[in-house]
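So the sequence shown is numbered by full-length UniProt numbering: it starts at 1 and just counts up by one.
In this text, a Cβ means the ideal position worked out from N, Cα and C, and glycines have one as well.
In what follows, a structure is listed as structure tokens, so that the remarks can point back to it.
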Amino acid sequence: MDMHKMRSNGLIFAFASQDKESVDARADEEEEKNCFEKSCFRGSAIPADRQIESAQEEDQRTRLLQLSGQEIEKQNNVNQLEAVYRQTQQETQWLEEDRQRLQSAVDKLTVKHRQLTEEEQVKTGLLVDAERERKSVIDKLHEKELELRQNIDHLETCLRRLQTKIDDAKEDEKELQLRIEHLNAIGGEIMDNGGGQEGPNESQVEGHQIERVELGTMVRRVLNVDDEPALEESNAPSPSLPGPSSPSGAMILRERPESVEEVSIKFKVFENGHWKVKHEMMVDPREPSEVMRVAIKYMRKKFGLFNSNSKVLTPETCFERVTSDGTYSIHLIPAWTLDSKERRKDAKPRKRIR
1 MDMHKMRSNG LIFAFASQDK ESVDARADEE EEKNCFEKSC FRGSAIPADR
51 QIESAQEEDQ RTRLLQLSGQ EIEKQNNVNQ LEAVYRQTQQ ETQWLEEDRQ
101 RLQSAVDKLT VKHRQLTEEE QVKTGLLVDA ERERKSVIDK LHEKELELRQ
151 NIDHLETCLR RLQTKIDDAK EDEKELQLRI EHLNAIGGEI MDNGGGQEGP
201 NESQVEGHQI ERVELGTMVR RVLNVDDEPA LEESNAPSPS LPGPSSPSGA
251 MILRERPESV EEVSIKFKVF ENGHWKVKHE MMVDPREPSE VMRVAIKYMR
301 KKFGLFNSNS KVLTPETCFE RVTSDGTYSI HLIPAWTLDS KERRKDAKPR
351 KRIR
């Protein structure tokens with residue numbers, strides 16, 4: 001724009017100077033011509049000179065008028081050109097102001113676009129991170145869901161197995177109840193036949209022990225705990241407990257060597273996640289009847305007897321079992337027997353296929 005202005009100004013001034021020089025040159029030529037004519041006709045007559053001079057003056061006036069008109073016309077042209085130049089310069093100034101204003105707006109828009117681009121990049125990065133984190137969480141949830149489904153399937157399988165074992169245990173319980181009732185009936189017949197005072201009590205104790213031993217076997221079978229066949233152990237004649245036909249004065253326990261020292265037998269109960277000693281006693285191995293008496297007392301209080309390997313114990317053999325394995329500890333499980341005896345009596349026995 002500045003170069004265009006300078007070019008316009010130079011052209012205008014060049015035209016004006018050329019017009020002025022041409023006018024001056026013509027005036028000089030006319031003056032020289034007049035002087036030459038004067039010098040040539042100086043010797044002529046005075047009237048002729050006056051006429052010539054008047055004619056020349058007239059011509060000069062005419063020419064001066066023409067030159068003045070031309071000068072005025074040229075000055076008018078110059079004024080017009082100057083007005084056009086001023087108008088052009090003003091328009092150029094306006095255009096420059098508009099250009100500066102537009103350039104300022106463009107700069108502001110450029111800065112704003114840069115800021116928006118940076119913010120958009122930051123937001124895009126945040127969205128990408130959030131999407132990545134969401135996918136990671138979804139993958140973890142899928143893995144957790146698969147794991148939970150596997151656990152659910154495993155638990156359902158275990159539940160079906162346990163339900164089957166519980167059903168079998170209920171059938172065993174009914175069968176055992178019938179056997180207990182049968183043994184109690186035999187004990188009643190012995191009492192009716194006058195078999196003495198000790199026979200029925202011993203039969204009742206034996207039936208009571210058989211009930212708990214069979215229940216222990218049933219629960220261990222449900223919990224997949226391997227154990228010795230407790231039925232054989234309870235049904236076989238115990239060396240420490242006489243049978244119904246034994247005399248009342250028979251020995252209850254086997255004789256042991258006289259040189260054995262007393263041992264400590266502990267009855268433990270599971271409380272607050274630990275086995276705590278509930279009862280401790282010193283026993284002579286030659287006379288362990290006190291251990292049997294305490295064991296029977298706990299069984300009457302609905303406690304089950306177990307050794308450290310979760311094997312079911314009976315009052316008659318508990319001393320020998322805990323001394324033979326070297327633990328000298330009898331574990332008590334509360335609420336071992338069931339309270340629904342009357343309901344089980346009404347159950348009809350059915351034959352099982354083994």
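query: Going by DSSP, which residues form a beta bridge with Asp-264?
result: The sequence given here has Ser at residue 264, not Asp. Its beta-bridge partners are Met-282.
message: Contact defined as beta carbons within less than 8 Å: I believe Asn-307 pairs with Val-291. What is the distance between those atoms, to the nearest angstrom?
response: Wrong, their Cβ atoms sit about 13 Å apart, outside the cutoff.
Exercise. Kindly indicate which three-state DSSP category Phe-270 falls into: helix, strand or coil?
Key: Three-state DSSP puts Phe-270 in a strand.
| task | Determine the direct distance from the alpha carbon of Glu-262 to that of Gln-170, and round the result to whole angstroms. | result | Before going on, a small fix: residue 170 reads as Lys here, not Gln. If I take the Cα positions, the gap works out to 43 Å.
* Asked: Who are Ser-329's beta bridge partners in DSSP?
  -> Paired residue(s): Lys-266.
| How many Å lie between Gln-150 and Lys-140 at the Cα? | Gln-150 and Lys-140: Cα-Cα distance of roughly 15 Å.
#### Entry: Range of the contiguous alpha helix (DSSP H) that encloses Phe-319
318-324
Practice prompt. For my contact list, Lys-278 and Phe-267 are in at a C-beta cut-off of 8 Å; report their separation, rounded to the angstrom.
Written response: 5 Å
| Under 9 Å, do Val-294 and Met-281 count as touching if we go by C-beta distance? | Yes, these two residues count as a Cβ contact at 9 Å.
Go ahead and label Glu-316 buried or exposed: buried means 16 or more other beta carbons lie within 10 angstroms of its beta carbon, across all protein chains shown.
By the 10 Å Cβ count, Glu-316 comes out buried.
Are Gln-60 and Glu-30 closer than 9 Å when you measure CB to CB?
Yes, they are a contact pair.
Original post:
Going by beta carbon distance, what residues of the same chain come within less than 7 Å of Phe-303, once the five residues before and after it are set aside?
Top reply: Leu-332, Ile-333, Pro-334 and Trp-336
Specify, as a first and last residue, the run of the beta strand (DSSP E) that Phe-306 falls within. 304-306
**Asked** Straight-line CA distance for Asn-309 to Glu-131?
**Response** 55 Å
query: Ala-105 to Glu-118, Cα distance in whole Å?
result: 20 Å
**Asked** How many angstroms separate the CA atom of Leu-178 from the CA atom of Glu-189?
**Response** So the two alpha carbons sit approximately 16 Å from each other.
Determine which residues share a DSSP beta bridge with Lys-276 and list them.
-> Val-269
Margin query: On the DSSP bridge list, what partners appear for Val-312?
Written below: Phe-306
Give every residue of the same chain whose Cβ lies closer than 8 Å to the Cβ of His-113, excluding the five residues on either side of it in the sequence, and list them in chain order.
-> none
Please state the DSSP three-state secondary structure of Lys-165. It is helical.
Next on the checklist: Please report the distance separating the alpha-carbon of Val-175 from that of Glu-181.
Outcome noted: According to the sequence provided, residue 175 is Glu. The question's Val does not apply to it. So the alpha carbons of these two residues sit roughly 10 Å apart.
### Query
Can you tell me the Cα-Cα spacing of Gln-51 and Glu-58, whole angstroms?
10 Å
Just the Cα atoms here: how many angstroms apart are Ile-353 and Lys-165? Annotation note: pLDDT 43 at Ile-353 (below 50); position unreliable, coordinate value reported separately. Those two C-alpha atoms are separated by around 15 Å.
Open item on the list: Is it buried or exposed, Thr-314, if we count other Cβ atoms within 10 angstroms and call 16 or more buried?
Closed with: buried
Exercise for review: State the DSSP-derived secondary structure class of Lys-301, mapped to helix, strand or coil.
Suggested key: coil
- Query: Expressed to the nearest angstrom, what Euclidean distance is found between the alpha-carbon atoms of Glu-198 and Gly-187?
  - Reply: With a pLDDT of 43 at Glu-198, under the threshold of 50, the modelled position of that residue is not reliable, and the figure given next carries that caveat. Each residue's Cα considered, the two are about 11 Å apart.
Next on the checklist: Please tell me whether Pro-334 has its Cβ less than 9 Å away from any Cβ of chain C.
Outcome noted: The question asks about chain C, but that chain is absent: this structure has only one protein chain.
#### Entry: Short Cβ contact (9 Å threshold) for Ser-324 with Ile-265
no
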